[in-house]
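K.L.:
Let me give you the structure first, and then I'll get to my questions.
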Amino acid sequence: MSGELKIENNAAVNNQTIINIQNMSGNVAMPDNPTYVVAENVDAAAKTGTTTIALNNELYNLFVVGCETFESGRFTVPNGRVLNGNPEIEKWYASFSADALKEIKGMPSLFMSENRKYGGATESDHTAYFGIVTDVRKQRKQTIVAFKTIMEIPQQAIIDLAVYLGIDNEGSGLTELNVTRWSIKRADLISELRLAGFKIKSNPRGLLSSREKIVSIPLEKNFNFTGRSEYLRDIFKRFNESTNNAPSKQTVCGLGGVGKTQLALQYAYENIHNYDAVCWIECSSEVSVKRSCENFLAQVGGLLQANTEAVFAQWFQSHYNWLLIFDDVGANASIESLIPKIGEGHVLVTTQQAKGDVILLDVMEIEEAAGFIVKRTGINDTLAANSIAARLGRFPLVLEQASAYVKEIKIDLSEYLELINKHGLDVFDEDDEVECYSRNIRTVWNITLEKLNETERRLLYCFAYMSSDIIALNWLVEHAKKLHAENEKAETNDTNVYAILRKFVVSSFSPDLIAALSDDTKRNNAVRKLARYSLITIKPDKTITMHGLLQEVIRKTITDPVYLLSVWEVLKSKRSDVGLIYNDYHIALPFEQAKAMILTAETLLNYGKEYEAANDKPNVELWELEFDFYSLFAQYLTLRGIRENNAEILQEADRCYVTACEIGTPLYGGGENSELLSGASAFTVIQEKHRRMRVNLILKRVDEAHKIYAEVRAPVSKSLKKEPNMSYHAFNNFGDLWHEFGFLPEAIECYELALKVGFDDKKEMLLEKIAKCKNGGSCNV
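When we follow our numbering, the leftmost residue of the sequence shown carries the number 11, and every step to the right adds one.
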């Protein structure tokens with residue numbers, strides 16, 4: 011049972027504090043939400059039509075109840091332990107007459123659980139409560155007490171004050187607090203608590219009637235709000251754990267569209283009963299700030315003056331128990347002069363600026379996001395809702411746009427999922443209006459992007475083409491510094507044509523991008539700025555991440571392919587420095603680096619398809635990228651399958667190798683009926699088939715291994731004279747592979763073909779291998 015109360019110090023008559031209570035009489039059942047209204051005197055109370063009750067300054071109720079948490083609004087006490095300790099005081103009240111009940115309700119009260127310890131001590135987690143009784147019902151065996159708590163007090167503090175509060179020591183280490191009972195004590199409870207340092211406010215929090223509350227919130231409650239309970243609890247906990255004398259300030263930070271405003275709005279409406287004044291300041295511009303302040307001052311009856319900010323802050327400094335919300339505070343907005351420096355209240359700020367100790371708001375959990383879609387659209391298709399939530403990155407603003415679209419167009423969630431999978435963010439019109447939001451997602455993020463300088467923008471454009479989970483900034487920096495060093499080399503007469511071309515033709519990196527990445531100071535400042543705007547997240551291990559949906563929005567604004575091609579150039583350079591696999595079964599990179607390469611290749615591949623579609627033409631470098639992705643992923647699966655002895659993973663690796671070969675053959679040659687192109691790249695597909703053959707031999711798919719070898723034998727045989735070195739290595743490697751798995755005739759054939767190349771320095775080694783195969787060995791597959 012809950013209610014509202016206000017206590018006024020200056021309304022005292024004959025050692026009593028006047029409290030007026032509506033909707034209360036005798037032991038009639040209390041309504042679910044009784045309202046307690048304070049008047050400064052009895053006459054004032056009479057004018058409001060309320061019943062007047064005196065809050066006694068000489069007596070108080072002491073309730074000690076075993077294992078009670080006082081969370082339900084009511085509890086029971088056995089009748090044998092009700093008001094039977096001091097007949098002189100309690101006998102009349104124990105009659106529970108109408109007058110007695112009226113006085114019991116007019117006493118301040120302490121609500122405590124039984125001490126489990128003896129000797130005047132209690133557990134550290136025990137909490138007592140100060141409050142009032144709202145109703146009493148005596149039954150045959152027990153008495154039901156309804157109550158309203160006003161504030162928490164550590165139970166040990168009550169024990170320390172026992173002598174001043176008339177709490178008896180019963181000997182043997184026992185006190186009245188060790189046994190369940192209801193007593194009425196003669197003591198001025200409120201004064202004693204105040205003398206002990208407890209701030210029992212003249213207007214305890216949240217106990218004004220709804221008619222007396224000051225609420226200045228321009229936004230209506232969002233009844234579609236879903237989830238976020240952990241964040242709401244965190245804000246509440248932080249506010250109530252604050253021990254400073256100054257107002258407690260909490261800041262919610264996050265990317266635009268992640269739901270900061272809606273979280274603050276929900277907190278305000280959920281906790282409106284806890285405050286006497288709630289004020290919302292819209293901080294999107296100086297004009298909106300001033301208008302919000304003026305609206306609040308007009309509501310409280312303040313005179314509008316030239317110095318609005320000072321008058322506004324002074325009002326809060328001279329009042330207490332308020333919630334002040336500053337929403338959408340930008341980088342250049344100054345709200346310090348508006349924040350009260352003294353007083354008792356809470357300040358909640360929402361911003362994209364991550365400074366100091368903030369509550370970092372992330373996207374919704376997948377269950378919350380799907381639940382919102384179902385609730386908002388009224389379509390109970392959880393499977394499709396989950397898919398839509400995942401595709402849209404679980405951003406509240408985007409989910410609202412999507413749900414509004416579904417309702418307006420009147421389509422199923424499965425149909426909408428097909429639309430966004432086909433058209434992406436093009437489904438959202440830039441002019442779309444969104445319920446409960448002042449802007450749509452594109453507008454929100456574009457406003458933030460417009461605030462970036464050129465260095466910050468260039469870095470962000472590169473990040474938009476990298477894996478959102480692992481943005482390898484160090485790769486970009488290393489490559490840019492290498493290019494910068496080459497460009498800075500002094501020209502000499504020995505400089506060859508290749509070096510000149512390397513400087514001005516080969517790299518996709520523009521001079522501006524090289525400069526942005528090479529300058530440590532500018533780059534580090536830019537990264538910090540991007541993180542401060544919540545555009546990227548820097549994790550404790552220094553890993554950078556970025557939301558995929560934001561990447562998609564940014565790519566829509568990029569017209570120059572230099573950033574996509576630059577990231578691809580870095581990936582190719584990284585692969586040439588060290589491959590993912592050498593000798594086909596040893597990994598050459600730590601797993602995290604290998605994972606970064608695979609994810610970056612996959613991400614670039616997806617973005618490359620977007621680029622090709624936008625430009626309506628294929629790109630050879632992106633074709634190579636697709637080959638690289640399948641090759642990298644197949645190698646990774648091969649390693650994992652061998653390590654885990656997992657046939658299913660090895661089969662998936664084989665499928666990836668097949669795809670890589672299908673993509674690579676038109677680029678590099680190497681098909682069964684084709685000739686190899688000249689150069690080292692000519693054997694790229696041959697190498698993939700060698701890796702694929704190993705996988706099939708491990709899987710004991712001998713027939714498939716023979717087919718793969720036949721595909722390789724023909725083109726390599728045609729290249730013995732044109733590419734002797736590569737042809738020798740190809741046949742020698744395939745011979746070793748056959749020999750490793752015990753297929754000796756096939757191994758001999760490969761070694762003999764390698765001999766035909768005619769390398770004298772290799773002849774002895776090859777003849778030795780052939781002899782070894784002829785002299786023994788049996789098939790072990």
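Think of the CB as a built atom: it goes at the ideal place given N, C-alpha and C, for glycine as much as any other residue.
1. Would you tell me roughly how many angstroms separate the C-alpha atoms of residue 432 and residue 349, rounded to the nearest one?
2. Determine which residues share a DSSP beta bridge with residue 139 and list them.
3. One question on the structure: do residue 373 and residue 405 come within less than 9 Å of each other, judged by their Cβ atoms?
4. Alpha carbon to alpha carbon, how far is residue 107 from residue 301? Give it in angstroms, no decimals.
5. What are the boundary residues of the beta strand (DSSP E) that residue 303 is part of?
6. Do you know how far the Cα of residue 553 is from the Cα of residue 651?
7. Leaving out five residues on either side along the sequence, give the residues of the same chain with a beta carbon under 8 Å from the beta carbon of residue 647.
8. Specify the secondary structure class of residue 558 as computed by DSSP and reduced to three states.
9. Per the contact definition of three or more C-beta pairs closer than 8 Å, is the region 282-292 in contact with the region 383-392?
10. Given this structure, state the Cα-to-Cα distance separating residue 4 from residue 396, to the nearest angstrom.
11. If you draw a straight line from the alpha carbon of residue 137 to that of residue 125, how long is it in whole angstroms?
12. Identify every residue that forms a DSSP beta bridge with residue 645.
13. Tell me the start and end of each unbroken beta strand (DSSP E) in the region 227-273 that is at least 3 residues and wholly inside, in chain order.
14. Exposed or buried, what is residue 141 when buried is set at 16 or more other beta-carbons lying within 10 Å of its beta-carbon?
15. If you measure between the beta carbons of residue 72 and residue 191, is that distance less than 9 Å?
16. Between residue 197 and the rest of its own chain, which residues show a CB-CB distance below 7 Å, the 5 nearest in sequence each way excluded?
17. Please state whether the Cβ-Cβ distance between residue 463 and residue 536 is less than 9 Å.
18. Who does residue 547 pair with in a DSSP beta bridge?
19. So residue 337 and residue 360 are in contact, right, with Cβ under 8 Å, and what is the actual spacing, rounded?
20. With residue 371 and residue 269 assumed to form a contact (beta carbons below 8 Å), what rounded beta-carbon distance in angstroms separates them?
21. If you draw a straight line from the alpha carbon of residue 525 to that of residue 564, how long is it in whole angstroms?
22. By how many angstroms is the C-alpha of residue 769 removed from the C-alpha of residue 724?
23. What does residue 359 pair with, by DSSP beta-bridge criteria?
24. Kindly identify the DSSP beta-bridge partner or partners of residue 97.
25. For residue 527 versus residue 490, is the C-beta distance shorter than 9 Å?
26. Assign residue 408 to buried or exposed, taking buried as 16 or more other Cβ atoms, counted over all protein chains shown, within 10 Å of its Cβ.
27. Would you mind listing the alpha helix (DSSP H) stretches within the region 704-787 that are 4+ residues and don't spill past its ends, in chain order?
28. Any idea what DSSP makes of residue 448, helix, strand or coil?
29. Figure out for me which residue from 543, 520 and 777 has the closest Cα to the Cα of residue 458.
30. Look at the Cβ atom of residue 231, then the Cβ atom of residue 273, and state whether they are nearer than 9 Å.
31. Can you tell me whether residue 699 is buried or exposed? The criterion is at least 16 other CB atoms within 10 Å of its CB, across all chains shown.
32. State the start and end residues of the unbroken alpha helix (DSSP H) segment that holds residue 199.
33. If you follow the beta strand (DSSP E) that residue 534 is in, where does it begin and where does it stop?
34. For the beta strand (DSSP E) that contains residue 88, what are its first and last residues?
35. For residue 736, which option in 478, 767, 756 and 389 has the closest C-alpha, if you only look at C-alpha atoms?
P.N.:
For this structure:
1. As a working note, residue 432 is residue 422 in the sequence shown. As a working note, residue 349 is residue 339 in the sequence shown. Rounded to the nearest angstrom, the two C-alpha atoms are 48 Å apart.
2. Sequence index remark: in the sequence shown, residue 139 carries index 129 (1-based). BP columns for residue 139 point to 121 and 162.
3. Position 363 of the sequence shown holds residue 373. Position 395 of the sequence shown holds residue 405. Cβ atoms of residue 373 and residue 405: closer than 9 Å.
4. Mapped onto the sequence shown, residue 301 falls at position 291. Mapped onto the sequence shown, residue 107 falls at position 97. Approximately 55 Å, taken between the alpha carbons.
5. Numbered from its first residue, the sequence shown carries residue 303 at position 293. Element bounds for residue 303: not the beta strand (DSSP E) but the alpha helix (DSSP H), 296-309.
6. Stepping through the sequence shown from its first residue, residue 651 is reached at position 641. Stepping through the sequence shown from its first residue, residue 553 is reached at position 543. The straight-line gap from Cα to Cα measures roughly 28 Å.
7. In the sequence shown, the residue the question calls residue 647 occupies position 637. Non-local C-beta neighbours of residue 647 in its own chain, meaning closer than 8 Å and more than five positions away in sequence, comprise 659, 660, 662, 663 and 666, ordered along the chain.
8. As a working note, residue 558 is residue 548 in the sequence shown. Residue state, collapsed to three classes: helix.
9. The region 383-392 is not in contact with the region 282-292.
10. Lying before the first or after the last residue shown, residue 4 is absent from the chain, which here runs from 11 to 791.
11. In the sequence shown, residue 137 corresponds to position 127, counting from 1. In the sequence shown, residue 125 corresponds to position 115, counting from 1. If you take the alpha carbons of residue 137 and residue 125, they lie about 11 Å apart.
12. Along the sequence shown, one-based indexing puts residue 645 at 635. Residue pairing by DSSP places residue 645 opposite no residue, since no beta bridge is assigned to it.
13. Uninterrupted beta strand (DSSP E) stretches at least 3 residues long and entirely within the region 227-273 occur at 258-263, given in chain order.
14. Taking the sequence shown and counting its residues from 1, one reaches residue 141 at position 131. Buried, by the Cβ-count rule.
15. Translated into the one-based positions of the sequence shown, residue 72 becomes position 62. Translated into the one-based positions of the sequence shown, residue 191 becomes position 181. A contact, by the Cβ cut-off of 9 Å.
16. Here residue 197 is taken as the residue at index 187 of the sequence shown, counted from 1. Excluding its 5 nearest sequence neighbours in each direction, residue 197 has C-beta neighbours in its own chain below 7 Å: 70, 174, 175 and 176, listed in chain order.
17. Position 453 of the sequence shown, counting from 1, holds the residue named residue 463. Position 526 of the sequence shown, counting from 1, holds the residue named residue 536. For residue 463 and residue 536, yes; Cβs fall inside 9 Å.
18. In the sequence shown, counting from the first residue as 1, residue 547 sits at position 537. For residue 547, the pairing in a beta bridge is given by DSSP as 555.
19. To locate residue 337, count along the sequence shown from 1; it is residue 327. To locate residue 360, count along the sequence shown from 1; it is residue 350. Contact holds; Cβ gap of about 5 Å.
20. By 1-based counting over the sequence shown, the position of residue 371 is 361. By 1-based counting over the sequence shown, the position of residue 269 is 259. A Cβ-Cβ separation of about 6 Å places residue 371 in contact with residue 269 under the 8 Å criterion.
21. On the sequence shown, position 515 is the one that residue 525 refers to. On the sequence shown, position 554 is the one that residue 564 refers to. Roughly 21 Å separates the two Cα atoms.
22. Here residue 724 corresponds to residue number 714 of the sequence shown, with the count starting at 1. Here residue 769 corresponds to residue number 759 of the sequence shown, with the count starting at 1. Approximately 20 Å between the Cα atoms of the pair.
23. Within the sequence shown, numbered from 1, the residue matching residue 359 stands at position 349. Beta-bridge pairing links residue 359 to 261 and 336.
24. Position 87 of the sequence shown holds residue 97. Looking at the DSSP output, residue 97 shares a beta bridge with no other residue.
25. On the sequence shown, residue 527 is found 517 positions in, with the first residue counted as 1. On the sequence shown, residue 490 is found 480 positions in, with the first residue counted as 1. Cβ distance < 9 Å, so residue 527 and residue 490 count as in contact.
26. As a working note, residue 408 is residue 398 in the sequence shown. With 16 or more neighbouring CB atoms inside 10 Å of its own CB, residue 408 falls in the buried class.
27. Taken in chain order, the whole alpha helix (DSSP H) runs of length 4 or more contained in the region 704-787 are 712-727, 734-750, 754-765 and 770-784.
28. Taking the first residue of the sequence shown as position 1, residue 448 is located at position 438. Note that residue 448 scores a pLDDT of 48, beneath 50, so its modelled location is shaky and nothing firm can be said.
29. Within the sequence shown, the letter at position 448 stands for residue 458. Residue 458 has its Cα closest to that of 543, out of 543, 520 and 777.
30. Numbered from 1 along the sequence shown, position 221 holds the residue referred to as residue 231. Numbered from 1 along the sequence shown, position 263 holds the residue referred to as residue 273. Contact check for residue 231 against residue 273 fails: the beta carbons are separated by 9 Å or more.
31. Working through the sequence shown from its first residue, we reach residue 699 at position 689. Classification of residue 699: buried, given that the 10 Å Cβ count is 16 or more.
32. Residue numbering aside, residue 199 sits at position 189 when the sequence shown is read from its first letter. Here the alpha helix (DSSP H) through residue 199 covers 199-205.
33. Along the sequence shown, read from residue 1 onward, the residue named residue 534 stands at position 524. Taken as a continuous stretch (DSSP letters only), residue 534 belongs to no beta strand (DSSP E), being part of the alpha helix (DSSP H) at 530-542.
34. By one-based count along the sequence shown, residue 88 stands at place 78. Unbroken beta strand (DSSP E) run through residue 88: 84-88.
35. To locate residue 736, count along the sequence shown from 1; it is residue 726. For the residues 478, 767, 756 and 389, the minimum Cα distance to residue 736 belongs to 767.
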